[in-house]
Each structure stands twice: as C-alpha cells, then as structure tokens.
Amino acid sequence: MELKTAVVTGASSGIGLAIAEMLTEEGYKVYGIGRIFPDGCDFFEKRISLDLRDTDILLEKISGIKKVDLLVNAAGSAYYGLAEFNTPDQIKEMCRTDIEAPMILISALLPKLKDSKGMVINIASVTSTRINTHGAAYGALKAGLRSYGRSLYEEVRKTGVRVVTVCPDLTAGTKLYRNANFKPSEEDGCYLVPGDTAECVRDIINMREGAVVTEVEVRPQFNRIEKKRT
Ligand SMILES: NC(=O)c1ccc[n+]([C@@H]2O[C@H](COP(=O)([O-])OP(=O)(O)OC[C@H]3O[C@@H](n4cnc5c(N)ncnc54)[C@H](OP(=O)(O)O)[C@@H]3O)[C@@H](O)[C@H]2O)c1
Numbered sequence: 306m307e308l309k310t311a312v313v314t315g316a317s318s319g320i321g322l323a324i325a326e327m328l329t330e331e332g333y334k335v336y337g338i339g340r341i342f343p344d345g346c347d348f349f350e351k352r353i354s355l356d357l358r359d360t361d362i363l364l365e366k367i368s369g370i371k372k373v374d375l376l377v378n379a380a381g382s383a384y385y386g387l388a389e390f391n392t393p394d395q396i397k398e399m400c401r402t403d404i405e406a407p408m409i410l411i412s413a414l415l416p417k418l419k420d421s422k423g424m425v426i427n428i429a430s431v432t433s434t435r436i437n438t439h440g441a442a443y444g445a446l447k448a449g450l451r452s453y454g455r456s457l458y459e460e461v462r463k464t465g466v467r468v469v470t471v472c473p474d475l476t477a478g479t480k481l482y483r484n485a486n487f488k489p490s491e492e493d494g495c496y497l498v499p500g501d502t503a504e505c506v507r508d509i510i511n512m513r514e515g516a517v518v519t520e521v522e523v524r525p526q527f528n529r530i531e532k533k534r535t
C-alpha cells in the first residue's frame, strides 16, 4: 500500500519536530520544512531548508510533491512585551510566519488535499482565545489562524478535507521563548512537552473517517511561568 504523505512546517524544532517523528511512526512520508535542522533527523523523506517568508521559494519547493494527505502548519515565531515596544521587524516576522505562510501553503496544497480527502492541522495557541497583555500581536495572529481554520473547514468539508486547529499551552523544550523574558515554570505539572501535542495529533489523524475534532486545547495542569534570570 502506498504510504501517506505529510508536509510539516516547523519540523526542525520543538512541537513540529515531535509531530514529524510521530507521523513517521504512523507510516507517513514526511516532507519537513524548517531553516536549520538538528543533526540526526534522518527519518524525513526530505528536509526542505528555507525561510517561510520567501514565499516564492516555498511554492517552488513544494510544487514537486505529487500527493499530499496531511499538511501541518507548526512553524511559528513570537515576540512578547508591551505593544509599543514591538518593532516593525518583529511584527512583520510574526505576521509572515504565523499567518501568511500557513494561508499560502494551504491555498497551494488544497487541490492535492482535496484529491486525497486529506487533512490540514494548524498549530495555533491557547492565546488565540485569550486577552494577551504582553503578547497582543502574537495572540492576534494565532486568533486569526484559528478563525481561518474554522472558516476553511466549513468551506471544504463537503470535499472530504478535514481542518483542525490545535491550541497548545506553555510548552517546555522548544525555542519559542528565546525572545521572551519568561519561560514555562520548571515545576512538575506546569508545562507541556512537545510530545504531548504530537500525541494529541496522533489521536486526531486516527479518528474514524467521517468524524473530526475541529479544535482542541492541550494544557498543563497548572498555570505558572517564571522570569528568566539575566
Ligand atoms: N512553545 C509553546 O509554549 C507554544 C504554545 C502554544 C503554541 N505554540 C506554537 O507551536 C508551534 C511550534 O512552536 P515551538 O514551541 O515548537 O517553537 P520552536 O522550537 O521555536 O519551533 C518553531 C519552528 O518554526 C520554524 N520557523 C520559525 N520561523 C521560521 C521561518 N521564518 N522560516 C522557516 N521556519 C521557521 C523554526 O525553524 P528553525 O528552528 O529551523 O528556524 C522551528 O522549526 C508554533 O506555531 C508556536 O506558535 C507553542
């Protein structure tokens, strides 16, 4: 039987990398998109190293993938702090990575996803439904991605394509907070690990055909962050 094919952005780190590994276990051929892949990820069908903001290159690189059963948009970029201190470059980077690239990829791959009656999984965030002081821009973009996924599902459900928004909470062991002055607390129960979201995605892709979880939040039991020591 022909293997299923997945395209995963953010596949070089954190949650996207954990999802890519899980998909390989599930028998998918995974085309992983990232900038710099760590050593040793030889399970990918192909590693596509590019900056998602170079959308012409992105479209060219994915055009050769013949069949797509699953698209996972996991790449993301975040800058925190008061809105007046978000620089234009930071705002542009977040807009382009967190919402422009997913929409362009979805638009380009939808014909193939319709052919395969496939699935789109967007990794948004719990910030998408919250008020985010010190993270207004990031939260707004994740809310946009969630809204886009809701509308897209209604648009394409009749074609057999399923659209899912997964909203993780504070996850340790990723690089997302590299620009922040805080991080998830290291106390037990206060953080997720990337594999928690990957396991959630495993359950979603293995749902009975004809049933779909359209939105899900994955949360640690407790809600604590800690300031980074400088
Ligand atoms: N960590 C959390 O607490 C948390 C909570 C909720 C939602 N999320 C979401 O989960 C997703 C994964 O984040 P993570 O926590 O796993 O963070 P991460 O370790 O920083 O991973 C982010 C991924 O996105 C890729 N990426 C970022 N900008 C890119 C660009 N311009 N071009 C190509 N690739 C780019 C990175 O590639 P390179 O490393 O190769 O540059 C990396 O593979 C994101 O959408 C994030 O918003 C995370």
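Positions in the sequence shown are counted from 1; adding 305 to them yields our numbering. Here a beta-carbon is modelled for each residue, glycine too, at the ideal position from N, C-alpha and C. Note that the coordinates shown come from a computational prediction; the quantities given were computed from them, not determined experimentally.
For a quick check, are the C-beta atoms of residue i and residue j less than 8 angstroms apart?
i, j, result
"Val471", "Ile436", "no"
"Asn484", "Tyr333", "no"
"Leu375", "Ala311", "yes"
"His439", "Leu387", "yes"
"Asn426", "Ile338", "The question names Asn, but residue 426 in the sequence shown is Ile. Not closer than 8 angstroms, so no."
"Ser382", "Thr402", "yes"
"Asn391", "Ala445", "no"
"Leu457", "Ile411", "yes"
"Gly315", "Ala379", "yes"
"Glu389", "Arg507", "no"
"Glu531", "Lys488", "yes"
Out of the options, which has the shortest C-alpha to C-alpha gap to residue i?
i, options, result
"Val377", "Thr464, Asn391, Ala325 and Leu475", "Ala325"
"Pro473", "Ile320, Ala413, Lys371 and Leu414", "Ile320"
"Asn511", "Met424, Ala316 and Val335", "Met424"
"Leu357", "Val469, Glu398 and Lys371", "Glu398"
"Lys372", "Thr360, Leu308 and Ala323", "Leu308"
"Met408", "Arg455, Gln526 and Val506", "Arg455"
"Pro525", "Lys366, Val468, Leu475 and Gly369", "Leu475"
"Val498", "Asn486, Thr479 and Asp420", "Thr479"
Exposed or buried, what is residue i when buried is set at 16 or more other beta-carbons lying within 10 Å of its beta-carbon?
i, result
"Ala406", "buried"
"Met306", "exposed"
"Pro416", "exposed"
"Ser318", "buried"
"Ala516", "exposed"
"Pro393", "exposed"
"Arg529", "exposed"
"Ile362", "exposed"
Would the segment 512 to 530 and the segment 337 to 345 be scored as touching if the rule is three or more Cβ pairs under 8 angstroms? With a cut-off of 8 angstroms, the segment 337 to 345 and the segment 512 to 530 do not count as touching, because too few Cβ pairs lie within range.
So, do the segment 492 to 503 and the segment 447 to 455 have three or more beta carbon pairs nearer to each other than 8 angstroms? At 8 angstroms Cβ cutoff, the stretches do not touch.
Is the segment 344 to 354 in contact with the segment 494 to 508, if contact means three or more CB pairs nearer than 8 angstroms? In this structure the segment 344 to 354 does not touch the segment 494 to 508; the number of beta carbon pairs closer than 8 angstroms is below three.
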